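Take a look at the structure set out below.
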Amino acid sequence: MAIIGNPKYEERINHHLAKYETKRSAVMPLLFIAQEEYGWVNPAGVEEVAQILNLDPTQVKSIAGFYTMYSEKPKGKYWLHVCTDLPCALKGADEFYAWLKEELGVAEGGTSDDGMFTVEHVMCLAACDKAPMLQCNFRYVENLDQDKMRELLAKWRQEAAEPVSAGV
Amino acid sequence: MHILLRGRDIANIKELATYDKHDGFVGLKNALAMTPAEVIDVVKTSGLRGRGGAGFPTGVKWSFIPQHEPVKYVTVNADESETGTFKDREIMEENPYQLIEGSLICAYAIQAKAVYIYLRGEFWDIGDQLDACIEALREKNMVGENILGSGYDCEVYTHLGAGAYICGEESALLNSLEGYLGQPRVRPPFPAQKGGGLYKEATVVNNVETLANVPYIMREGAEAFKAIGTEQSAGPKVYCVSGHVKRPGNYELPMGATFRELLYDHAGGPLHQDRSFKAMLPSGGSGPIVPLTDEVLDTPMSYEHTAEIGTIIGSASIIIMDESVDITWVASKVTKFFAHESCGKCTPCREGTYWLDKVIDRILDGRGTAEDVKRIADVAENMAGTTLCALGDFAANPIIHTIRHFPDDFAQHVQA
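Structure (structure tokens):
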């Protein structure tokens with residue numbers, strides 16, 4: 278599909294275009310919509326966002342490249358952002374993150390062989406009192422340990438086997 | 019009873035009916051019955067200072083907005099990304115209407131045409147909740163045209179960032195909101211001036227916690243607010259405690275409570291009974307580190323008292339480290355943060371954070387020399403004050419102050 282002319286996004290795109298003084302201001306919300314549609318910010322999505330906003334695709338691409346929440350390469354169904362910043366690291370986040378990568382057999386920024394999980398470490402996520410923690414597709418998962426994480430990975434694998442929305 | 023974290027006292031205060039029942043919008047109604055200039059005077063008199071870190075007097079900031087300009091904006095800084103900070107998140111999750119009420123009072127005081135709440139992208143769910151709150155308020159005629167019959171019109175919108183610490187810097191935030199790279203602007207003009215704010219119009223940029231204080235001030239009066247806290251630091255403050263304490267979390271206390279009260283009475287003291295406190299970052303990664311001595315513990319948490327011990331209270335993101343922690347590793351962690359978050363616009367910050375990170379890694383690896391420790395101090399000192407925004411200064415702090423206070427932690431890694 279596409280985002281232009283897609284009834285799924287029409288209302289949201291119009292809402293964002295209406296709320297700002299300039300079209301250009303809508304570039305960030307529209308990039309999130311492109312990422313939702315394609316799973317990552319692919320060249321087709323960049324072209325469409327540029328077309329809607331009357332921008333050059335290069336201008337849109339530079340915005341996508343500046344911010345960490347836009348992925349410029351395909352990623353797994355579940356995008357795990359593990360905080361390893363100082364407060365979390367004081368509570369064992371570095372060890373937790375090293376274990377998680379090993380558990381999934383991936384390197385930093387990599388995707389598991391089954392295409393299920395992309396794993397990255399990130400800077401502070403405003404959950405320092407609930408470390409170790411991560412965001413899965415930008416939703417908070419907190420107060421983690423290895424046992425809890427194993428259960429979650431199994432749960433997400435099971436969910437993925439059922440036909441559900443991929444989310445953001 | 020809490021003034022900011024009211025979600026802890028009143029179940030469902032995130033629901034409009036409940037908020038309304040517990041003095042909700044009394045402050046807004048009082049404000050609408052005054053002239054905008056009178057509202058600014060009340061906030062000035064209250065002594066409220068910005069809770070995002072800089073501590074600038076809020077009413078004074080509002081008074082900088084030129085009255086004669088036809089178009090003005092309020093931008094709420096909800097980008098909360100400072101290492102160790104998680105207070106705005108709780109305010110918005112559990113008490114969202116109080117933030118919106120405070121924003122509307124600010125908007126009325128400067129006669130803004132719209133409020134934009136700039137949330138860090140990871141606060142996706144909070145954005146959805148605030149959007150629902152805004153729509154609920156529209157139905158009650160508290161957002162949109164002719165608010166509560168006052169003749170004043172104001173729209174409120176949310177905007178999601180996408181993962182960039184620098185967008186918490188006010189001019190970078192404005193660039194990001196306009197669809198440009200989130201990089202700081204050259205000032206002047208300042209955001210409060212024509213040409214310097216959102217869409218080049220005069221704009222107030224206030225932190226979430228700052229605005230969440232305003233409904234109380236307009237409801238109970240400036241004197242009631244001033245009665246809380248110290249002479250130069252009025253009101254309550256949410257302190258975010260993380261690291262090696264028994265009960266990490268947010269604690270709302272008056273400004274001027276001591277670190278000892280916060281860390282022992284509320285946060286439960288050291289996480290491990292057999293380890294003592296070693297060091298504290300009282301304002302996240304960006305403020306100077308201090309050894310956690312008795313003198314520091316007995317210091318009141320206020321703008322003026324923390325200055326006396328060589329640090330800042332800033333956003334009050336208080337990270338505690340016990341004696342097991344190697345402060346060289348702390349310097350490395352904080353430097354990696356700033357190296358990652360430097361926006362790349364100013365050379366001293368972009369190159370400085372990159373090389374600081376490399377050299378500290380070398381020191382931690384045992385391949386560094388005493389000369390390297392001097393070198394990073396020198397690099398840091400040359401970064402401070404040379405950049406368009408404060409990130410360059412913030413990145414210099416962890417190096418300068420860790421070496422100053424904990425030289426032995428560096429010396430143990432290097433060859434003589």
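Protein sequences appear in the order of chains A and B. Residue numbers for the first sequence follow our numbering, beginning at 278 and rising by one. Residue numbers for the second sequence follow our numbering, beginning at 19 and rising by one. All residues carry an ideal CB built from backbone N, CA and C; glycine is no exception. These numbers were taken from a predicted model, which means no experiment stands behind them.
The beta carbon of Ala395/B sits closer than 7 Å to those of Ile417, Ile418, Ile421, all from its chain and outside the five residues before and after it, given in chain order. For the region 353-381 of chain A, the beta-carbon criterion of a distance under 7 Å to any beta-carbon of chain B is satisfied by Asp362, Leu363, Pro364, Ala366, Leu367. The count of Cβ pairs closer than 8 Å, one atom from the region 203-223 of chain B and one from the region 384-398 of chain B, stays below three, leaving the stretches out of contact. Just measuring C-alpha positions, the residue of Ile310/A, Ala366/A, Ala341/A, His398/A sitting nearest Trp347/B is Ala366/A. Among the CB atoms of chain A, one or more fall inside 8 Å of the CB of Cys258/B.
Around Pro288/B, no beta-carbon contact reaches into chain A at under 8 Å, the shortest distance being about 12 Å. Our two residues, Met160/B and Ile21/B, have alpha carbons roughly 22 Å apart in a direct line. Proximity of chain A to Tyr183/B at the Cβ level (cut-off 9 Å) is accounted for by Met400, Cys401, in chain order. The three-state secondary structure of Gly77/B, taken from DSSP, is helix.
Between Glu359/B and His358/A, the alpha-carbon positions lie close to 16 Å from each other. C-alpha of Met346/A to C-alpha of Gly181/B: approximately 5 Å in a straight line.
Of the candidates Gly73/B, Tyr37/B, Asp27/B, Gly73/B places its Cα closest to the Cα of Ala334/B. The three-state secondary structure of Tyr269/B, taken from DSSP, is strand. In the DSSP assignment, Ala132/B forms a beta bridge with Tyr91/B, Glu173/B. DSSP places Phe394/A in no alpha helix (DSSP H) but in the uninterrupted beta strand (DSSP E) bounded by 394-399.
Where Val161/B is concerned, there is no enclosing alpha helix (DSSP H), because DSSP gives it neither an H nor an E.
Relative to Leu216/B, the option among Asn283/A, Arg301/A, Asn331/A whose CA is nearest is Arg301/A.
Taking a Cβ-Cβ threshold of 8 Å, the residues of chain A close to Val348/B are Leu363, in chain order. With contacts defined by Cβ atoms closer than 8 Å, Leu409/B and Glu187/B form a contacting pair.
Contact note: Ile144/B does not reach chain A at a C-beta cutoff of 7 Å; the least C-beta distance is about 10 Å.
Ile109/B places its beta carbon less than 8 Å from that of Ala230/B. Leu195/B is the residue among Leu195/B, Gly42/B, Thr371/B whose C-alpha sits nearest the C-alpha of Asp97/B.
For Gln412/A, a Cβ of chain B is located within less than 8 Å of the residue's own Cβ. Scanning its chain for C-beta atoms nearer than 7 Å, with the 5 sequence neighbours on each side dropped, one finds around Asn415/B the residues Ser304, Gly305, Pro306, in chain order.
Apart from sequence neighbours up to five positions away, the residues of its chain that approach Lys338/A with a beta-carbon distance below 7 Å are Val323, ordered along the chain.
Contact note: Ser304/B does not reach chain A at a C-beta cutoff of 9 Å; the least C-beta distance is about 11 Å.
Gln291/B sits exposed, since fewer than 16 C-beta atoms from the chains shown fall within 10 Å of its C-beta. Taking 8 Å as the cut-off, the Cβ atoms of Glu112/B and Gly25/B count as close. Per the coordinates, the alpha-carbon of Leu281/B lies some 34 Å from the alpha-carbon of Lys39/B. Along the region 232-272 of chain B, the beta strand (DSSP E) occurs as fully enclosed runs of 3 or more residues at 254-261, 267-272, listed in sequence order. Around the beta carbon of Ser389/A, 16 or more other beta carbons lie within 10 angstroms, which makes this residue buried. Assignment of beta-bridge partners to Tyr417/A by DSSP yields Gln412/A.
The three-state secondary structure of Gln433/B, taken from DSSP, is strand. Short of 8 Å from the beta carbon of Gly162/B, and not among the five residues preceding or following it, lie these beta carbons of its own chain, in chain order: Arg156, Asp171, Cys172, Glu173. From the listed residues Arg237/B, Ala154/B, Val391/B, Lys363/B, the smallest Cα separation to His431/B is found for Val391/B. Put simply, the backbone Cα of Pro272/B is about 12 Å away from that of Glu249/B.
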